[in-house]
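Protein chains in written order, with the working numbering: chain A, 230 to 543; chain B, 80 to 618.
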């Protein structure tokens, strides 16, 4: 178990280094000059040169990379070329907004979807199953922005239960903050639940066919015990992998939803920074995203043996 | 024992239906307390559904449409789910076929053993633990305390079946339903599991319904038997009587298939030249510290059939694969008609690759489900540059006729039975007229009567095409039928080899003797001894 964990951790560090290099090169390959974009068309060569010098953009790439990576290792991700803010607090702030929404939404989705999927599998081909499956298919076919807009129109404009525009931090006014994130959370939870239901149902159907489930029934266990103790843990393992990938993906920012609900999240920050060729912010965002992705999957890998003890034996 | 004694299990005119098809068409079966009975039938006979109906554990879509089942005085057919849950476990327990999926992989053995006791008894945690340990000891698990905290994947198939038995017998049920409990096991584990089963049943006064297609086991372990075919009862009676002289031709066919002692093999040509030879071959798989095969030398002559015999994990499959370049050699070399396969290169030449073919054990996973039978069989001919299109077509037709599948070329594997699929696999192996065929347990996944047919087919094809064959098997009756020579393997090494007759009739090595003793052949005199013993103890 310890070797398994250490092994995974080592691979994680290598992955992160590769990400750092890729991120650094990618953003520089995109055409466009940060200084030019900052100062506008009217800037003269001298002004541009001063700005480039201040940002270190006149240095060769390898040197720029070393400066940057050195900073990263000491916790300094540089300053935004657009606003002059320190990058680390900026992206952490934005990440907090996105991550709360994503974590709550995925947790909700899992709580709804896994029992729903297992029950649907248990009642395979019944009316219940058909309803659950159709609903899941509908949910995962709806584009997130459209579902978001529908909810905004319904609960925001028509019913006026929640505000339509803006955001308040959780530390400022908790309940007000909740009222702002409730719709994005609901939108995301519904959409992700669609995928998870299908996955949980498919895995549960596989498991229900196996002899140990019949063996459990032949012991005289109730259906509830059979589902809870024998079907759930075995059907959950593949779903857990999916949840890991899902979290990793979503924590990198949910730019579309953040735009629809005007939330100051990481996704929107990233998109805006790319437009402005704000190298330090883009690099910071991508590095954070990749780090989170790798970390989440590391946690999933470490959790996996709990549900499937065969894994750690390998 | 009197005939008026109330039966423990009484099934009357049971009908079971799937969709619009009757899979059980009015079957009767009675079983008195403490008796050992067999329910015999081949795939599709409805025996498993009958067994599951006793506990109302039928898969979705399968319904009882008529008849009665009385189990320990309870009418099962009208019983509620709640009622059934009180019967499942303490009154009747069930052991399943597949040891690899019959225990929950995500739960410790201890938790799985405790579950039923918690559900049906008022025992404390400590008492449950003590009973589980005691029961594991009785099924001869070496370290019962350690076993409780282990997971199923840490045990071999035979051990899992024993743990399964422990789990069911903990409740001392009145009836034990064992559905092909040892079909997936090698002969030695099979013997061990069934011996333990009979012993436990005798001590607890449990009646056993052994469901199997293997009449050798029926003869050895049971005192009465019921034969099913296509959902219809063929014959029922005392095991010894039916084996000595069944009235029904189907029962007689089953008995004959289990007897099959006559040799099908043509006398081997002892003068024939050596075709393939292994010199000090060792095989080790990546990431494993132990070797699967450790230093085996072996030679096979042209046209000769050599049986490679041993229990699971003896290394016989690894050796078979290594001979034809399908497993990496760690040491040693293989020579085939001037070609050499060695540990240094581990490269198999094209001539050798084409002249050596393999038939695999599982006919379900060894055929591509998305290709038609004709395409599957003809595929090896792609490399036959010397044949024209028409000649290839001719060859395909010829081989399909040989294996009795003429006209099947446009079908898909899923449309075929297990025996037919194995014929396809054999046809694919011989279509290029290879010099050497490795057949890895080619009949052990098949029903007894089908096994006999496939063995006869292999023997006749060999006569016709003259290929040499390495026949890997743990089934000594199949080996007796088809092999000229036997090589016995244990623990990666050859322990004994010699002509078939000599090895089977006068084995020298202790391991060979234990293999032969464990083989379930029919010999009614010896066969029903344990069951007679059982009945005495019940009286």
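Here a beta-carbon is modelled for each residue, glycine too, at the ideal position from N, C-alpha and C.
Those residues which DSSP pairs with residue i across a bridge
i, result
"residue 519 of chain B", "B:551"
"residue 436 of chain B", "B:516"
"residue 308 of chain B", "B:311"
"residue 578 of chain B", "B:564"
"residue 145 of chain B", "B:94"
"residue 286 of chain B", "B:254"
"residue 173 of chain B", "B:256"
"residue 384 of chain B", "B:548"
"residue 419 of chain B", "B:414"
"residue 360 of chain B", "B:375"
Short CB-CB distance (under 9 angstroms) between residue i and chain B
i, result
"residue 502 of chain A", "no"
"residue 462 of chain A", "yes"
"residue 529 of chain A", "no"
"residue 349 of chain A", "no"
"residue 443 of chain A", "yes"
"residue 451 of chain A", "yes"
"residue 236 of chain A", "no"
"residue 430 of chain A", "no"
"residue 539 of chain A", "yes"
"residue 532 of chain A", "no"
CB contact flag (residue i, residue j, <9 angstroms)
i, j, result
"residue 389 of chain B", "residue 553 of chain B", "yes"
"residue 440 of chain A", "residue 180 of chain B", "yes"
"residue 374 of chain B", "residue 361 of chain B", "yes"
"residue 503 of chain B", "residue 446 of chain B", "yes"
"residue 186 of chain B", "residue 467 of chain A", "no"
"residue 528 of chain B", "residue 333 of chain B", "yes"
"residue 298 of chain A", "residue 506 of chain A", "no"
"residue 526 of chain B", "residue 498 of chain B", "yes"
"residue 191 of chain B", "residue 260 of chain B", "no"
"residue 478 of chain B", "residue 509 of chain B", "yes"
"residue 454 of chain A", "residue 198 of chain B", "yes"
Of the residues the options, the one placed nearest residue i, counting alpha carbons only
i, options, result
"residue 366 of chain A", "A:346, A:378, A:377, A:505", "A:346"
"residue 143 of chain B", "B:151, B:129, B:150, B:149", "B:129"
"residue 557 of chain B", "B:93, B:384, B:145", "B:384"
"residue 363 of chain A", "A:372, A:375, A:479, A:349", "A:349"
"residue 291 of chain A", "A:317, A:263, A:253, A:474", "A:253"
"residue 260 of chain A", "A:503, A:380, A:531", "A:503"
"residue 378 of chain A", "A:270, A:369, A:487", "A:487"
"residue 514 of chain A", "A:523, A:276, A:321, A:438", "A:321"
"residue 410 of chain A", "A:380, A:470, A:540, A:436", "A:380"
"residue 544 of chain A", "A:438, A:317, A:279", "Outside the modelled stretch of chain A, which goes from 230 to 543, sits residue 544 of chain A, for which no answer is possible."
"residue 302 of chain A", "A:239, A:313, A:249, A:493", "A:249"
"residue 336 of chain B", "B:193, B:152, B:531", "B:531"
"residue 138 of chain B", "A:444, A:471, A:283, A:333", "A:444"
"residue 115 of chain B", "B:203, B:285, B:86, B:224", "B:285"
"residue 94 of chain B", "B:353, B:310, B:251, B:254", "B:310"
"residue 443 of chain B", "B:493, B:408, B:423, B:410", "B:493"
"residue 92 of chain B", "B:317, B:109, B:448, B:393", "B:109"
"residue 333 of chain A", "A:422, A:282, A:294", "A:422"
"residue 169 of chain B", "B:200, B:430, B:145", "B:200"
Cβ of residue i within 9 angstroms of any chain A Cβ
i, result
"residue 184 of chain B", "yes"
"residue 238 of chain B", "no"
"residue 199 of chain B", "yes"
"residue 177 of chain B", "yes"
"residue 181 of chain B", "yes"
"residue 443 of chain B", "no"
"residue 247 of chain B", "yes"
"residue 168 of chain B", "yes"
"residue 614 of chain B", "Any reading at residue 614 of chain B needs caution, since the residue's pLDDT is 42, under 50, leaving its predicted position unreliable; the model's value is listed next. Chain A, which has no Cβ nearer than 9 angstroms to the Cβ of residue 614 of chain B, makes this no."
"residue 300 of chain B", "no"
"residue 353 of chain B", "no"
heavy atom of the ligand COA below 8 angstroms from residue i C-beta
i, result
"residue 430 of chain A", "Ligands displayed in this structure: none; no statement on the ligand COA is therefore possible."
Neighbour flag for residue i against chain E, beta carbons, 9 angstroms
i, result
"residue 446 of chain A", "Absent from the structure: chain E. Protein chains present are A and B."
Task: Within 7 angstroms of chain A by C-beta, residues of the stretch 490-520 of chain B in sequence order - done: none
TODO: Can you give me, in chain order, the residues of the stretch 130-147 of chain B that have a beta carbon less than 7 angstroms from any beta carbon in chain A?
DONE: 134, 136, 139
Task: Chain-ordered residues of the stretch 145-164 of chain B with a beta carbon less than 7 angstroms from chain A - done: 164
Task: Members of the stretch 221-232 of chain B near chain A, C-beta cut-off 8 angstroms - done: 230, 232
Open item on the list: What are the residues in the stretch 330-359 of chain A lying within 8 angstroms of chain B by C-beta distance?
Closed with: 353, 354
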